[in-house]
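Scroll down for the structure; my scribbles are underneath it.
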Amino acid sequence: MLDKENGGKADALNAGIIMATHVLFCAIDADSVLEGNALLRMMRPFLEQPETVAVGGVVRIANGCRVEHGRVTEIGLSSNALAVFQTVEYLRAFLFGRVGWSALGALLIISGAFGVFKRQVVLDVGGYRHDTVGEDFELVVRIHRYLRDHAIRYRIVFLPDPVCWTEAPETLRVLGRQRNRWQRGLIDTLKIHWRMCLNPRYGRIGMIAMPYFVIIELIGPLIELSGYLFITIAFCLNLINLPFFLLFLTLAIVLGTVLSVAAVVLDEIAYRRFPRLSQLLKLIAFGLAENFGYRQLTVWWRARAFLDYWRGNTSWGAMERKGFAR
0 MLDKENGGKA DALNAGIIMA THVLFCAIDA DSVLEGNALL RMMRPFLEQP ETVAVGGVVR
60 IANGCRVEHG RVTEIGLSSN ALAVFQTVEY LRAFLFGRVG WSALGALLII SGAFGVFKRQ
120 VVLDVGGYRH DTVGEDFELV VRIHRYLRDH AIRYRIVFLP DPVCWTEAPE TLRVLGRQRN
180 RWQRGLIDTL KIHWRMCLNP RYGRIGMIAM PYFVIIELIG PLIELSGYLF ITIAFCLNLI
240 NLPFFLLFLT LAIVLGTVLS VAAVVLDEIA YRRFPRLSQL LKLIAFGLAE NFGYRQLTVW
300 WRARAFLDYW RGNTSWGAME RKGFAR
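For the sequence shown, numbering that gives the first Met the number 0 begins at 0 and goes up steadily by one.
Here it is in C-alpha cells:
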C-alpha cells in the first residue's frame with residue numbers, strides 16, 4: 000500500500016508505476032469498474048505479439064446500470080438524456096474510431112479510464128507528464144515517438160471486448176468542463192509533438208494519424224462553429240440558396256445518424272449488451288437527436304477550450320460524481 004500527498008492524477012500514476020514490480024500495469028479511473036474477464040482479455044495481445052507495449056479496452060457508460068459489489072449486474076440506460084447521448088457517442092468513438100485506428104497501426108489514444116502498459120516502456124519514456132491535462136493521450140503519443148526514434152518494433156492496439164464501465168457526467172456544467180479539458184489536452188499534446196506531423200520518419204503516425212487529429216479533432220470545432228456563424232449571417236442577409244442548404248443539411252444529418260445507428264447495431268450484433276429492444280430503439284433515437292443541440296454544445300465547449308488554453312488554464316475542474324453506491 001502506498002500513502003502519499005495529493006499531487007494530481009499523473010503524480011499518483013507515476014508513484015504507482017514506480018512501486019509496481021510486475022512487467023505490466025493497468026491504469027484505471029477511480030469512477031470506473033471492470034468486467035470480471037476484462038484484464039484477462041487484455042493480456043491476449045501481449046502473449047500473442049511480444050512486441051505489444053500497450054493495449055486499450057472499450058469504455059462504456061454505467062449510468063442506468065445496476066452495480067453491486069464492484070460489478071455491473073444489470074445493463075440499462077439512464078433516464079438522464081445527457082448520459083444517453085454519451086452512451087451513443089462512446090459506442091461510435093470506440094467501435095468505429097479506435098477499432099479503425101488500431102487496425103491501421105496508428106492508434107494515438109488509450110483512454111485513461113482503462114489501459115494496460117508495459118511498465119519498462121513507460122519508465123523509459125519518463126512516465127506521465129505533470130504539466131498537461133491530457134496525460135493519457137500525451138503518454139501514448141510520446142511512446143510512439145520514442146520507440147520510432149529508437150527504431151524499436153512495437154504494437155499499440157485496441158480491443159473492443161474487454162469492458163470498463165464508467166460514470167458519465169449528468170449535468171451540462173460538468174460535461175462542459177470534461178470536454179473543455181479533453182480539448183485542452185489535445186491542444187497541448189499536438190503542440191508538444193508538432194514535429195511528428197507530416198514527418199515520414201514516424202510512418203502512419205506522422206503521415207496519417209497526426210494530420211487527422213490536427214485537421215479534424217483540433218481545428219474541426221473552430222471550422223464548424225464558424226460555419227454556424229456564417230450561415231446565420233448569410234440567412235440574415237438573404238444570401239442562402241435555401242434548396243441547396245436544406246439538401247446539404249439533410250446529408251450531414253443523415254451521415255451523422257448513419258454512423259451512430261451503425262455503431263449501435265454493430266454493438267448489438269457483436270456483443271448483445273442491451274437486453275431489451277426498447278433500449279436499442281432509444282439509442283437509435285438519440286443517435287438522430289444528437290444532431291439537434293447536443294452536437295452544437297460539444298462544438299462550443301471544444302472551441303472555447305482554445306481561449307482557456309491561451310489564458311493558461313491548466314485546471315481539471317470539479318468533476319462531481321454520484322458514485323456506484325446506489
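Even glycine gets a Cβ: it sits at the ideal position worked out from N, Cα and C.
Output needed for residue i: all residues of its chain with C-beta closer than 7 Å, excluding positions within five of it in sequence on either side, in chain order.
{"i": "G69", "result": "V32"}
{"i": "P159", "result": "V57, F93, L94, V98"}
Residue i: buried (16+ other C-beta within 10 angstroms of its C-beta) or exposed?
{"i": "P242", "result": "exposed"}
{"i": "N293", "result": "Correcting the residue identity first, residue 293 is Tyr in this sequence and not Asn. Its Cβ being crowded by 16 or more others within 10 Å, Y293 is buried."}
{"i": "E134", "result": "buried"}
{"i": "C163", "result": "buried"}
{"i": "D266", "result": "buried"}
{"i": "H192", "result": "buried"}
{"i": "Y227", "result": "exposed"}
{"i": "A150", "result": "exposed"}
{"i": "T51", "result": "buried"}
{"i": "D187", "result": "buried"}
{"i": "C235", "result": "exposed"}
Short of 8 Å in beta carbon distance, which residues of its chain neighbour residue i, apart from the five on each side in sequence? Order them along the chain.
{"i": "R118", "result": "I16, A19, H21, V22, L23, F24"}
{"i": "L189", "result": "C196, M209, F212, V213, L217"}
{"i": "L107", "result": "W100, F136, V139, V140, H143, I204, A208, M209, F212"}
{"i": "P274", "result": "I74"}
Compare the Cα-Cα distances from residue i to each of the options and report the closest residue.
{"i": "F334", "options": "I230, L38, L246, F212", "result": "Any answer about residue 334 is impossible in this case: the structure gives the chain only from 0 up to 325."}
{"i": "L90", "options": "V124, V263, E67", "result": "V263"}
{"i": "R154", "options": "G6, A14, Q48, L38", "result": "Q48"}
{"i": "V58", "options": "F291, I109, L221", "result": "I109"}
{"i": "W299", "options": "Q182, V124, L103, A53", "result": "Q182"}
{"i": "L38", "options": "G111, M206, P161", "result": "P161"}
{"i": "D130", "options": "F113, H149, G184", "result": "G184"}
{"i": "G104", "options": "C235, T165, A53, N240", "result": "A53"}
{"i": "P199", "options": "I239, F45, D148", "result": "D148"}
{"i": "V257", "options": "E67, I232, A284, S277", "result": "A284"}
{"i": "I74", "options": "Q278, T313, G286", "result": "Q278"}
Give me, in chain order, the residues of the same chain whose beta-carbon lies closer than 6 Å to that of residue i; leave out the 5 immediate sequence neighbours on both sides.
{"i": "L146", "result": "Y153"}
{"i": "Q85", "result": "I60, A167"}
Compute the minimum distance between the beta carbon of residue i and the heavy atoms of the ligand NAP, and state whether it is under 6 Å.
{"i": "R272", "result": "This structure lacks the ligand NAP, and indeed carries no ligand of any kind."}
Could you tell me whether the Cβ of residue i comes closer than 7 Å to any Cβ of chain C?
{"i": "R128", "result": "This model lacks chain C altogether, as it is built from one protein chain only."}
At least three beta-carbon pairs within less than 8 Å, the stretch 214–223 to the stretch 243–253: no
Three-pair Cβ contact test at 8 Å for the stretch 169–184 versus the stretch 296–307: yes
Runs of alpha helix (DSSP H) wholly within the stretch 32–61 (minimum 4 residues, chain order): 37–41, 43–47
Any beta strand (DSSP E) of 3 or more consecutive residues that is wholly inside the stretch 79–142: You should have 113–117.
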